[in-house]
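Each residue of the sequence shown is one higher than the one before, counting from 1 in full-length UniProt numbering.
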Amino acid sequence: MKKLKIGLVGCGAIAEFQMDALMKVEAAELKAVCDMRLDLAEAMAKKYGVAEIYTDYAEMLKSDIEAVIICTPNFAHCPNAIDGARAKKHLLVQKPFAMDMDEAERMVSAAKENGIIMQAAFFERFCGSLQKLDEIIHSGEIGRPLVIRTQMSHTGIDKFWHPKTEWFHDKKKSGGGPLGDLGAHHYDVIRWLSRSDPETVSASTQSLLENGIEDNASITLKMKNGMMAQCFMSFTTVGPKNYAYERIEIYCEEGTVIYNASANGAPGKILMTKKDSIDFVEVPYENVDPWVGLESHFVDCVLNHKTPVTTGEDGKICLNIIKKGYASAESGKVMKL
Ligand SMILES: NC(=O)c1ccc[n+]([C@@H]2O[C@H](COP(=O)([O-])OP(=O)(O)OC[C@H]3O[C@@H](n4cnc5c(N)ncnc54)[C@H](O)[C@@H]3O)[C@@H](O)[C@H]2O)c1
Numbered sequence: 001m002k003k004l005k006i007g008l009v010g011c012g013a014i015a016e017f018q019m020d021a022l023m024k025v026e027a028a029e030l031k032a033v034c035d036m037r038l039d040l041a042e043a044m045a046k047k048y049g050v051a052e053i054y055t056d057y058a059e060m061l062k063s064d065i066e067a068v069i070i071c072t073p074n075f076a077h078c079p080n081a082i083d084g085a086r087a088k089k090h091l092l093v094q095k096p097f098a099m100d101m102d103e104a105e106r107m108v109s110a111a112k113e114n115g116i117i118m119q120a121a122f123f124e125r126f127c128g129s130l131q132k133l134d135e136i137i138h139s140g141e142i143g144r145p146l147v148i149r150t151q152m153s154h155t156g157i158d159k160f161w162h163p164k165t166e167w168f169h170d171k172k173k174s175g176g177g178p179l180g181d182l183g184a185h186h187y188d189v190i191r192w193l194s195r196s197d198p199e200t201v202s203a204s205t206q207s208l209l210e211n212g213i214e215d216n217a218s219i220t221l222k223m224k225n226g227m228m229a230q231c232f233m234s235f236t237t238v239g240p241k242n243y244a245y246e247r248i249e250i251y252c253e254e255g256t257v258i259y260n261a262s263a264n265g266a267p268g269k270i271l272m273t274k275k276d277s278i279d280f281v282e283v284p285y286e287n288v289d290p291w292v293g294l295e296s297h298f299v300d301c302v303l304n305h306k307t308p309v310t311t312g313e314d315g316k317i318c319l320n321i322i323k324k325g326y327a328s329a330e331s332g333k334v335m336k337l
């Protein structure tokens, strides 16, 4: 079997999820890891049995790896992606895609110019629960989808999510708080489920805890096909230990379907009702590991010359929602996309 030789840059918190998943992808060969902190690179190489260890990304790019998984902080995505593309490595890039639209444009152009595959790492596309929602609302069973409402929240950076280095609370390094960090996932989910792109965005943010980034954010999107979407993203949602919460509600002409995640990572539930039903009924779905889905898809696209389900262009569109969202929150105006 032909295996894809892969290097990973940024041996922090999210890299663990990606490495765990890559270990389950038969066609993936983890050849190299890189982190500017030698201790983190060495620990990751030891844990996953990776042969090559680098602290200098430029050196890793000289190795015979064919692809790079970019798991560095947001401010490093653009330089890492452009250098990777120029070295003809295929790229899987973490979210949010970049710091600004100029960076995003340069990343997408570098991928095109160098003929490499660039995938935006939106893992929610590979959740069994969300794939089921997609199937339901596009089967016609509950009529035309009209409105999507979402929530993604947790107790905060250093409380729920534990990055290994300091950068999240510095807006110049992260770009901001939950509006971009958590919202990035749901803007992609909304584009996917609605089969449309946003026309306008209005947003507001709240920063009561004064830790450099906003604590909470809400966004309303009017989609080009007439659908509406509303998202709430939070870093202050207190719950039991390791609490994170996700909810996606889709209101259709003939019924409603709701995905409700449970606390502490157990599989969530899908509930559906139709007009004239007595109550909601639970809809079963296959609870697959979305990270394995994400990594397998990337490896398959590279090895078999396919276009990923979310390309750099999709990463760029979601970044535009984030940037216009912040502009709306600051100006109080509805922004056109
Ligand atoms: N998909 C998700 O659900 C999800 C969840 C959390 C974080 N993320 C994203 O993953 C990325 C990393 O976040 P994290 O929480 O793992 O951060 P982290 O601080 O834990 O890890 C980042 C690592 O990158 C290293 N690094 C920074 N610049 C580097 C460079 N130029 N060369 C080599 N190494 C470098 C740091 O030393 C650190 O070890 C961010 O873009 C974040 O938004 C995604």
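Using N, Cα and C, we set each Cβ at its ideal position, and we do this for glycine too.
Keep in mind it's a predicted model, so treat the numbers as computed, not measured.
Check	Outcome
Report the rounded CA-to-CA distance for SER204 versus ILE116, giving the unit in angstroms.	37 Å
From the DSSP output, read off the bridge partner residues of CYS252.	PRO145, GLY255
Would you be able to state if there are at least three C-beta pairs under 8 Å between the region 146-158 and the region 227-237?	yes
LYS336 by DSSP, collapsed to three states: which one?	strand
Give a yes or no on whether the C-beta atoms belonging to VAL9 and TYR57 are separated by under 7 Å.	yes
At the level of alpha carbons, what is the spacing between THR200 and ILE270?	29 Å
With DSSP run on the structure shown, which of helix, strand or coil describes LYS24?	coil
With burial defined as no fewer than 16 other Cβ atoms inside 10 Å of the residue's Cβ, what is the status of GLU246: buried or exposed?	buried
Would you call the CB atoms of TRP161 and PRO73 closer than 7 Å?	no
According to DSSP, what are the bridge partners of ALA32?	GLY7, GLU52
Skipping 5 residues on each side, what residues in its chain have a beta carbon closer than 6 Å to that of ASP188?	PHE122, CYS318
Using CA coordinates, which residue listed in LEU146, GLU286, LYS164 is at the minimum distance from ASP39?	LYS164
Measuring alpha carbon to alpha carbon, tell me which of GLN18, CYS11, VAL25, GLU16 ends up nearest LYS3.	VAL25
Taking the alpha carbon of ILE258 as the reference point, which residue from TYR48, LYS274, TYR243, ALA244 has its own alpha carbon closest?	LYS274
So who's on the other strand from MET107, going by DSSP bridges?	Looking at the DSSP assignment, MET107 forms no beta bridge with any residue, so it has no partner.
Skipping 5 residues on each side, what residues in its chain have a beta carbon closer than 8 Å to that of ARG191?	ASP197, PRO198, ASP314, ILE317, CYS318
At a cut-off of 6 Å, would you count ARG37 as near ligand 1, judging by its Cβ distance to the nearest heavy atom?	yes
Looking at C-alpha atoms only, which residue of MET107, LYS306, ILE69, ALA51 is the closest neighbour of GLN18?	ILE69
Apply the 10 Å Cβ neighbour rule to PRO96 and answer buried if 16 or more other Cβ atoms are within range, or exposed otherwise.	buried
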